[in-house]
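Engineer: full-length UniProt numbering numbers the first residue of the sequence shown as 1 and each following residue consecutively.
Note that beta-carbon positions come from the ideal geometry of N, C-alpha and C, so glycine has one too.
Dropping a structure here in structure tokens format, bear with me for questions.
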Amino acid sequence: MSQDQAYDQGLSGQSSQSPSHQQNQKRMNQFSIDFFIEKRFINQDDLIPILEEVRSQYNVESIKLNIQNQIPALEGTAFSIIDHDENKLNARCDAVNKILQIIEQRSKQILEIIMLIPEGTVSYVIGTQGKQIENIKLETKAHLVINQPIYEFQLRTVTIIGDSSRIFNAIKLIIKQLQERGISNEDYAKKAEPLDPRRVMTKAKFAFLTMIIEYILKNRELEKKYSVRLKGKAINDIKIKKNKLKKDEGILQIDGTLFNVQEAIQNIIKKVTQQFKKNEFDIRIVMPSNFASKLIGAKGCQIKELANKARGAQIKVLSDRDDTDVGQDCLVQVTGSMENKQEATILILEQIECFKNGGPILESGKYINENFAQQYKNSVQVQDMKQKRFVWNNQIGRKQSSSSRSDRRQRSRSSNKRQKYIRRSRSSSSHKRKTKQQLLKTKIVVKQSLIEMMHKQLIRFCSDFNVNIQTFPSDEGNETIVKINGDIKGSIAVIQYILSEQCKLSKR
């Protein structure tokens, strides 16, 4: 996870300390210190006697395994250090240091431990624009990352890497911060929620030619149809450091729920394409500049992934580097066919809201060490939004196809041009024709354990590419036959995904 990814989690540290907030919550200065260590460093059977030995050595009330804090789908052991005596904080910290030293001596490798903190304290630990966490890094020389939240896991994971002394110094500073602030029951109860596109409100801004904006604003039926509000704004209403707008351009703002805004902009792109056939136009989405590097991803991996999902759309961030000034904006340009623009625009709007919500919520703990593009692929909120839109589009597609059939019966004498126009507008049925022409049916044999591990993700992946799969037991007891049926591109993508996961499994 990139450093600036951590900066946008939750509120600032300053808002966490507001007096009114402190009055509403009863905070405790004594709390359990919770950790998780992966199996690759030490297994549970070897850890238990270490914990017991250290507990008796430092006279701490309790140092024990904590099953409730087990990170989903990550192999390792969770343990907690507990003592309700206010004078025992130093003893608990010394116990942590001793445990780290023993594990380091046994594992003989660079140590990595995960500290678990309540979700409600994350913004305080990070600090305003990441200043608190940066100070900890500078002071201790440890590598420290606040990971993305994990779905249905109420604690946030903080990965700390280095030798045992550096890790201990970083832990000590975090404990000191938490003790100064105090921890309430509400902090433990708080958890990161997936984004609901039908509830989250957004104000999406797009750059268009002034004549296009005027045309859109005349069609007020869009507001009623999609329950959104359309506004025209001047160029001065957005702050772009390197201004990419011309004098004859303006800003269209669409206010509403994310889902409604997505459906409205799809319709707008279609209407504008039909109305201004002679004028080539691109879609430019206004986005906060500090999201630019996140949208692009390491070596452009994230933006390439978005382009692939949009079936070949060209996506470009019109900003050379992040501008960290508050309120600065940049433009995301989308070019391609009408369908490319529609799909890419929907995905980019999802991503922007995902960033505002603190980034992806991971499906399980095994993705916390992945790069941002992989985390995006395996996040709950993005997949949930795609599923909802997929169901909605299927319903619309069925309505469109039935209405098109009735139109053909009523207008059998219409001109050939009119018939071609109707067929072009039925994008869903044209897509079905393509899949019928280019089907691929094949079988592959993979390990049964792999299918069991990735079953849930595989079903979702196949749903995205409209590919059907069936699994059958092989003659070999530990293997499974996977039958794949779908269009060529989608089937190949599914096969590549399965093989890549098999390679990862064999490496592990």
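If you follow the beta strand (DSSP E) that residue 118 is in, where does it begin and where does it stop?
Structural biologist: If you number the sequence shown from 1, residue 118 lands on position 118. 111-118 is the span of the beta strand (DSSP E), which, as asked, contains residue 118.
Engineer: For the segment 91-109 against the segment 33-49, are there 3 or more C-beta pairs whose distance is under 8 Å?
Structural biologist: The segment 91-109 vs the segment 33-49: in contact.
Engineer: With a threshold of 16 other CB atoms inside 10 Å of the CB of residue 57, please say whether the residue is buried or exposed.
Structural biologist: In the sequence shown, residue 57 corresponds to position 57, counting from 1. Residue 57 is exposed by the Cβ-count criterion.
Engineer: With respect to 8 Å, is the separation between the Cβ of residue 95 and the closest non-hydrogen atom of the ligand ZN below this value?
Structural biologist: As for the ligand ZN, it is missing from this structure, which has no ligand bound.
Engineer: Please give the ranges of any alpha helix (DSSP H) in the segment 240-273, keeping only runs that are unbroken, at least 4 residues long and fully inside the region.
Structural biologist: DSSP runs (the alpha helix (DSSP H)) wholly in the segment 240-273: none.
Engineer: Alpha carbon to alpha carbon, how far is residue 43 from residue 443? Give it in angstroms, no decimals.
Structural biologist: As a working mapping, residue 443 is identified with position 443 in the sequence shown. As a working mapping, residue 43 is identified with position 43 in the sequence shown. Going from the Cα of residue 443 to the Cα of residue 43 covers about 38 Å.
Engineer: Indicate whether residue 306 and residue 295 have their beta-carbon atoms separated by less than 9 Å.
Structural biologist: Within the sequence shown, the letter at position 306 stands for residue 306. Within the sequence shown, the letter at position 295 stands for residue 295. For residue 306 and residue 295, yes; Cβs fall inside 9 Å.
Engineer: In three-state terms, what does DSSP make of residue 62?
Structural biologist: To locate residue 62, count along the sequence shown from 1; it is residue 62. In the structure shown, residue 62 sits in a strand (DSSP, three-state: E or B).
Engineer: Can the beta-carbon of residue 114 be found less than 9 Å from the beta-carbon of residue 159?
Structural biologist: Here residue 114 refers to the residue found at position 114 when the sequence shown is read from its first residue. Here residue 159 refers to the residue found at position 159 when the sequence shown is read from its first residue. Contact: yes.
Engineer: So for residue 331, helix, strand or coil by DSSP?
Structural biologist: For this step, residue 331 is matched to residue 331 along the sequence shown. Here residue 331 sits in strand by DSSP.
Engineer: Could you check where the beta strand (DSSP E) with residue 157 kicks off and where it finishes?
Structural biologist: For this step, residue 157 is matched to residue 157 along the sequence shown. Where residue 157 is concerned, the enclosing beta strand (DSSP E) stretches over 155-162.
Engineer: What are the start and end residues of the alpha helix (DSSP H) that includes residue 143?
Structural biologist: Locating residue 143 in the sequence shown gives position 143, counting from the first residue. Careful: residue 143 lies outside any alpha helix (DSSP H), inside the beta strand (DSSP E) at 143-146.
Engineer: Taking the alpha carbon of residue 458 as the reference point, which residue from 486, 472, 495 has its own alpha carbon closest?
Structural biologist: Position 458 of the sequence shown, counting from 1, holds the residue named residue 458. The option with the nearest alpha carbon to residue 458 is 495.
Engineer: What's the C-alpha gap between residue 153 and residue 121?
Structural biologist: By 1-based counting over the sequence shown, the position of residue 153 is 153. By 1-based counting over the sequence shown, the position of residue 121 is 121. Distance between the alpha carbons of residue 153 and residue 121 is about 15 Å.
Engineer: Quick one: measure Cβ to Cβ for residue 287 and residue 332, integer angstroms, because I've assumed they're closer than 8 Å.
Structural biologist: For the purposes of this step, residue 287 is taken as the residue at position 287 of the sequence shown. For the purposes of this step, residue 332 is taken as the residue at position 332 of the sequence shown. Residue 287 to residue 332, Cβ: 5 Å. Contact.
Engineer: For residue 370, which of helix, strand or coil comes out of DSSP?
Structural biologist: Numbered from its first residue, the sequence shown carries residue 370 at position 370. Three-state DSSP puts residue 370 in coil, outside helix and strand.
Engineer: Pick out whichever of 290, 162, 82, 269 has its Cα sitting closest to the Cα of residue 108.
Structural biologist: For this step, residue 108 is matched to residue 108 along the sequence shown. Measuring from the Cα of residue 108, the nearest candidate turns out to be 162.
Engineer: With DSSP as the reference, label residue 359 as helix, strand or coil.
Structural biologist: Position 359 of the sequence shown, counted from the start, is the residue given in the question as residue 359. Looking at residue 359 - three-state DSSP - the assignment turns out to be coil, as it is neither helix nor strand.
Engineer: Write down the C-beta distance between residue 54 and residue 83 rounded to the nearest angstrom, noting that I regard them as a contact closer than 8 Å.
Structural biologist: Taking the first residue of the sequence shown as 1, we reach residue 54 at position 54. Taking the first residue of the sequence shown as 1, we reach residue 83 at position 83. Contact doesn't hold; Cβ gap of about 13 Å is too wide.
Engineer: How long is the line joining the alpha carbons of residue 76 and residue 310, rounded to whole angstroms?
Structural biologist: For the purposes of this step, residue 76 is taken as the residue at position 76 of the sequence shown. For the purposes of this step, residue 310 is taken as the residue at position 310 of the sequence shown. If you take the alpha carbons of residue 76 and residue 310, they lie about 38 Å apart.
Engineer: To the nearest angstrom, report how far apart residue 322 and residue 207 are at their CA atoms.
Structural biologist: Sequence index remark: in the sequence shown, residue 322 carries index 322 (1-based). Sequence index remark: in the sequence shown, residue 207 carries index 207 (1-based). Here residue 322 scores only 48 on pLDDT, less than 50, and its place in the model should not be relied on; the value that follows carries that caveat. Roughly 20 Å separates the two Cα atoms.
Engineer: How should residue 156 be labelled, buried or exposed, when 16 other C-beta atoms within 10 angstroms of its C-beta is the threshold for buried?
Structural biologist: Translated into positions along the sequence shown, residue 156 becomes position 156. Classification for residue 156: buried.
Engineer: I need the DSSP call for residue 443, collapsed to helix, strand or coil.
Structural biologist: In the sequence shown, counting from the first residue as 1, residue 443 sits at position 443. Three-state result, residue 443: strand.
Engineer: Look at the alpha carbon of residue 266 and the alpha carbon of residue 39, and state the distance between them as a whole number of angstroms.
Structural biologist: The sequence position of residue 266 within the sequence shown is 266, counting from 1. The sequence position of residue 39 within the sequence shown is 39, counting from 1. Looking at the two C-alpha atoms, the distance is approximately 48 Å.
Engineer: Taking the beta carbon of residue 78 as the centre, do at least 16 other beta carbons fall within 10 Å, making it buried, or is it exposed?
Structural biologist: As a working note, residue 78 is residue 78 in the sequence shown. Label assigned to residue 78: buried.
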